[in-house]
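**Student:**
There are 2 protein chains.
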Amino acid sequence: MTLAVLRLSHRIIRDKRITTHLALTARAFGASEFFYSGDHDSKIEESIEDVCKQWGGKFLITHIGKPLKFIKEWKKNNGVVIHLTMYGVELSDNLQKIIEILEKETLVVVGGAKVPGTIFELADYNVAIGHQPHSEVAALAVLFDNVFEEEVRKKRFSDAKLEIIPSERGKQTKKIK
Amino acid sequence: MTLAVLRLSHRIIRDKRITTHLALTARAFGASEFFYSGDHDSKIEESIEDVCKQWGGKFLITHIGKPLKFIKEWKKNNGVVIHLTMYGVELSDNLQKIIEILEKETLVVVGGAKVPGTIFELADYNVAIGHQPHSEVAALAVLFDNVFEEEVRKKRFSDAKLEIIPSERGKQTKKIK
Chain A
7 MTLAVLRLSH RIIRDKRITT HLALTARAFG ASEFFYSGDH DSKIEESIED VCKQWGGKFL
67 ITHIGKPLKF IKEWKKNNGV VIHLTMYGVE LSDNLQKIIE ILEKETLVVV GGAKVPGTIF
127 ELADYNVAIG HQPHSEVAAL AVLFDNVFEE EVRKKRFSDA KLEIIPSERG KQTKKIK
Chain B
7 MTLAVLRLSH RIIRDKRITT HLALTARAFG ASEFFYSGDH DSKIEESIED VCKQWGGKFL
67 ITHIGKPLKF IKEWKKNNGV VIHLTMYGVE LSDNLQKIIE ILEKETLVVV GGAKVPGTIF
127 ELADYNVAIG HQPHSEVAAL AVLFDNVFEE EVRKKRFSDA KLEIIPSERG KQTKKIK
């Protein structure tokens, strides 16, 4: 099973931090790949790669030029596409189905500015995390947290150089050889 | 019961979108107030107020000058303070306790750049949403989603001018008189 995230229409400067947070959230909550369309942004790629070096795990970040073509290819290879949108059907009404889907190669698509209508058509499931405006970062985290539950938050990452020792006060870390 | 969020050390430009996403996530997932320290940013305040006018509900956004003093006052008035930090104790080990806490006036503190050590001391609970670096937006959403579960995502907001009609394809909204 591959779990990947595609962030649409990244814009350098304006979206820098949101896209970084999206990639970090994807990694922390169980995805193994992150794709983004829009502007190519080598700084974000470097910063995510730095996090992976320090905190471990295998996680790839890749810029793609043609997101619609990419999604079509994904489906052609028997992959499933979930599009997160406040206009979709609520997660809680579809959770069991989504948990089953994730046995397949799954691509979770999150919008940037102006998601083209075609995405709603191409997606196998248009899923809402509530129907209020909030954040694609919040939506992605809540989706994955509902699917994987607390296990994903306690997962240890391979080849980490640094781990946190959970603590009631202050910051404790442990270096790993 | 009041549920409020305090975002520390907002910086205009650099944090604009993350702080906006934090405020929207706070509102969508059940908080009634949002405080932020650091730079005063009237544009963010206006954009959050616009969302409330359109999508309903009572939600206040307020800039505060002295966050440490503010947190101390909150505690003096018998309020409880939860600080979200990747260094804290994991949510799942403390969920029941946190659900009970939320009967009181609760302030959830999320960091910006360089959270002062005093915050770790002042907080009643330093809570981690996993121990990997990700996003304060993700952390806030997952905390609230675990506490309130799906109910919060289906809540209707009072005085909304617009509501979404959940849909398998496309965007459907309903205007409300």
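Residue numbers (this note's numbering), protein chains in the order written: chain A, 7 to 183; chain B, 7 to 183.
Virtual Cβ for every residue (Gly too), placed ideally from N, Cα, C.
So, for N132/B: in the same chain, excluding its five sequence neighbours on each side, which residues have a beta-carbon less than 6 Å away from its beta-carbon?
**Tutor:** In the second sequence, counting from the first residue as 1, residue 132/B sits at position 126. H89, T91, G94, F126, listed in sequence order.
**Student:** Kindly indicate the opening and closing residues of the beta strand (DSSP E) around R13/B.
**Tutor:** Within the second sequence, numbered from 1, the residue matching residue 13/B stands at position 7. Segment 9-16, the beta strand (DSSP E) holding R13/B.
**Student:** For F41/B and D130/B, I'd like the C-alpha separation in whole angstroms.
**Tutor:** Position 35 of the second sequence, counting from 1, holds the residue named residue 41/B. Position 124 of the second sequence, counting from 1, holds the residue named residue 130/B. The straight-line gap from Cα to Cα measures roughly 18 Å.
**Student:** What is the DSSP secondary structure of I70/A, reduced to helix, strand or coil?
**Tutor:** As a position in the first sequence, residue 70/A is number 64, starting the count at 1. The answer is coil: DSSP assigns I70/A none of H, G, I, E or B.
**Student:** Indicate whether the contact test is met: 3 or more Cβ pairs, each with one atom in the stretch 135-149 of chain A and one in the stretch 28-45 of chain B, closer than 8 Å.
**Tutor:** They touch, by the three-pair rule.
**Student:** Quick one: which chain A residues come within Cβ less than 8 Å of K46/B?
**Tutor:** On the second sequence, residue 46/B is found 40 positions in, with the first residue counted as 1. Looking at the sequence itself, residue 46/B is His, so the reference to Lys does not match. What H46/B touches in chain A: nothing, since even the nearest Cβ is about 20 Å away.
**Student:** May I ask you to list, following chain order, the residues of the stretch 98-126 of chain B that have a beta carbon less than 9 Å from some beta carbon of chain A?
**Tutor:** Cβ contacts with chain A come from S98, D99, L101, G123, F126.
**Student:** Quick one: Cα of R17/A to Cα of G117/A, how far?
**Tutor:** Here residue 17/A refers to the residue found at position 11 when the first sequence is read from its first residue. Here residue 117/A refers to the residue found at position 111 when the first sequence is read from its first residue. Taking the straight line from one Cα to the other gives about 12 Å.
**Student:** Report yes or no: is there a C-beta of chain A within less than 8 Å of the C-beta of W61/B?
**Tutor:** By one-based count along the second sequence, residue 61/B stands at place 55. Yes, because at least one Cβ of chain A sits closer than 8 Å to the Cβ of W61/B.
**Student:** For a cutoff of 8 Å on Cβ pairs, would you count T31/A as touching chain B?
**Tutor:** Against the first sequence, residue 31/A aligns to sequence position 25. Yes, T31/A lies at the interface with chain B (some Cβ there is under 8 Å from its Cβ).
**Student:** For K22/A, does the three-state DSSP call read helix, strand or coil?
**Tutor:** On the first sequence, position 16 is the one that residue 22/A refers to. Helix.
**Student:** Can you confirm whether K49/B, when its beta carbon is compared against all beta carbons of chain D, has any partner nearer than 8 Å?
**Tutor:** You won't find chain D in this structure, because its protein chains are A and B.
**Student:** At the 8 Å Cβ level, is H140/A part of the contact set with chain B, yes or no?
**Tutor:** Within the first sequence, the letter at position 134 stands for residue 140/A. It does; some Cβ of chain B falls within 8 Å.
**Student:** Among T8/B, F163/B, P139/B, which residue has its Cα nearest to the Cα of P139/A?
**Tutor:** Mapped onto the first sequence, residue 139/A falls at position 133. For the residues T8/B, F163/B, P139/B, the minimum Cα distance to P139/A belongs to F163/B.
**Student:** In whole angstroms, what separates the C-alpha of F35/A from that of R23/A?
**Tutor:** Position 29 of the first sequence, counted from the first residue, corresponds to residue 35/A. Position 17 of the first sequence, counted from the first residue, corresponds to residue 23/A. Rounded to whole angstroms, F35/A to R23/A spans 18 Å at the Cα level.
**Student:** Let's see if you can read the secondary structure: which residues bound the alpha helix (DSSP H) around E106/A?
**Tutor:** Counted from its first residue, the first sequence places residue 106/A at position 100. Looking at the DSSP string, the run of the alpha helix (DSSP H) that includes E106/A is 101-107.
**Student:** In this structure, how does DSSP classify G94/B when only helix, strand and coil are distinguished?
**Tutor:** By 1-based counting over the second sequence, the position of residue 94/B is 88. It is a strand residue.
**Student:** If we ignore side chains and look at the alpha-carbon of each, how far apart do K161/B and F150/B end up?
**Tutor:** For this step, residue 161/B is matched to residue 155 along the second sequence. For this step, residue 150/B is matched to residue 144 along the second sequence. K161/B and F150/B: Cα-Cα distance of roughly 13 Å.
**Student:** So is P172/B in contact with chain A if we call contact Cβ pairs under 8 Å?
**Tutor:** For the purposes of this step, residue 172/B is taken as residue 166 along the second sequence, with counting starting at 1. It does; some Cβ of chain A falls within 8 Å.
**Student:** For the putative contact between K110/B and M7/B, defined by C-beta atoms under 8 Å, what is the C-beta separation to the nearest angstrom?
**Tutor:** By 1-based counting over the second sequence, the position of residue 110/B is 104. By 1-based counting over the second sequence, the position of residue 7/B is 1. Yes, they are in contact, since the Cβ atoms of K110/B and M7/B sit about 7 Å apart, within 8 Å.
**Student:** If you measure from the beta carbon of K64/B to each beta carbon in chain A, is any gap under 8 Å?
**Tutor:** Along the second sequence, read from residue 1 onward, the residue named residue 64/B stands at position 58. Chain A contact via Cβ: absent.
**Student:** Using a Cβ-Cβ distance cut-off of 8 Å, determine whether H201/B contacts chain A.
**Tutor:** Only positions 7 to 183 of chain B appear in this structure, which leaves residue 201/B out of reach.
**Student:** If we count the other Cβ atoms within 10 Å of its Cβ and call it buried at 16 or more, is T68/A buried or exposed?
**Tutor:** Reading the first sequence from its first residue, position 62 is the one you call residue 68/A. Exposed, because fewer than 16 other Cβ atoms sit within 10 Å of the Cβ of T68/A.
**Student:** If we count the other Cβ atoms within 10 Å of its Cβ and call it buried at 16 or more, is A134/B buried or exposed?
**Tutor:** By 1-based counting over the second sequence, the position of residue 134/B is 128. Flag for A134/B reads buried.
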